[in-house]
Amino acid sequence: MALIACPDCGREVSDAATACPQCGRPVQPPAALKPPQVIEQTSKRFKGVQALGCGLMLAGFFVPLIIGIIMSESRTQSNTAMAGLVVATLLLPVGFVLWIVGRARAWWHHG
Ligand SMILES: [Zn+2]
């Protein structure tokens, strides 16, 4: 709980109070301030999911490309490189799904 200065008379008012006890000016209730913060935090989380999805998609695109280049340059087809290629390629659809989920949930939330 914190004290805030009344914008009208300057008296210190508890942020839990609905109005200034001196001049009666309505103090913005915490309940009216919290929802936008929650939405902001939630959309940030969705953006995080989307960013993660984007990162995975990029990794799923570039890592197999790099492994492919290394494999063709060294002209060897090791099982480890092949396995890496397969796993890295799987990042692409996983990242895509995460990105879609992030977007869909953000849309749903702002609905
Ligand atoms: Zn006041």
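Position one of the sequence shown corresponds to residue 19 (the numbering used here), numbered consecutively onward. Yeah, the Cβ is synthetic: ideal placement off N, Cα and C, and Gly gets one too. Model, not experiment: these values are computed from the prediction.
Exercise. Work out the CA separation of Q59 and A35 for me, nearest whole Å.
Key: Taking the first residue of the sequence shown as position 1, residue 35 is located at position 17. Taking the first residue of the sequence shown as position 1, residue 59 is located at position 41. Taking the straight line joining both Cα atoms gives about 25 Å.
Quiz item: Does the Cβ of A106 have 16 or more other Cβ atoms within 10 Å, making it buried, or fewer, making it exposed?
Solution: Taking the sequence shown and counting its residues from 1, one reaches residue 106 at position 88. By the Cβ neighbour-count rule, A106 is buried, with 16 or more other Cβ atoms within 10 Å of its own.
Quiz item: Does ligand 1 have a heavy atom nearer than 7 Å to the CB of Q46?
Solution: By 1-based counting over the sequence shown, the position of residue 46 is 28. No, since every heavy atom of ligand 1 falls outside the 7 Å radius drawn around the Cβ of Q46.
Exercise. Quick one: give me the first and last residue of the beta strand (DSSP E) that A23 is part of.
Key: One-based indexing of the sequence shown puts residue 23 at position 5. Counting along the chain, the beta strand (DSSP E) containing A23 begins and ends at 21 to 23.
Self-check item: Residue interval of the beta strand (DSSP E) (run including V31)
Solution: Translated into the one-based positions of the sequence shown, residue 31 becomes position 13. Taken as a continuous stretch (DSSP letters only), the beta strand (DSSP E) holding V31 covers 30 to 32.
Practice problem: Out of F114, Q46, F64, Q40, state which residue places its alpha-carbon closest to the alpha-carbon of D33. | Solution: For this step, residue 33 is matched to residue 15 along the sequence shown. Per the Cα distances, Q46.
Quiz prompt | Inter-residue Cα distance where the pair is I22 and A77 | solution = Stepping through the sequence shown from its first residue, residue 22 is reached at position 4. Stepping through the sequence shown from its first residue, residue 77 is reached at position 59. About 49 Å.
Quiz item: Looking only at its own chain, which residues have a Cβ that is under 7 Å from the Cβ of R121, when we skip the five neighbours before and after it?
Solution: Counted from its first residue, the sequence shown places residue 121 at position 103. Closer than 7 Å at Cβ, skipping near neighbours: Q68.
Quiz prompt | Rounded separation between P25 and R63 - CA only | solution = One-based indexing of the sequence shown puts residue 25 at position 7. One-based indexing of the sequence shown puts residue 63 at position 45. Rounded to the nearest angstrom, the two C-alpha atoms are 34 Å apart.
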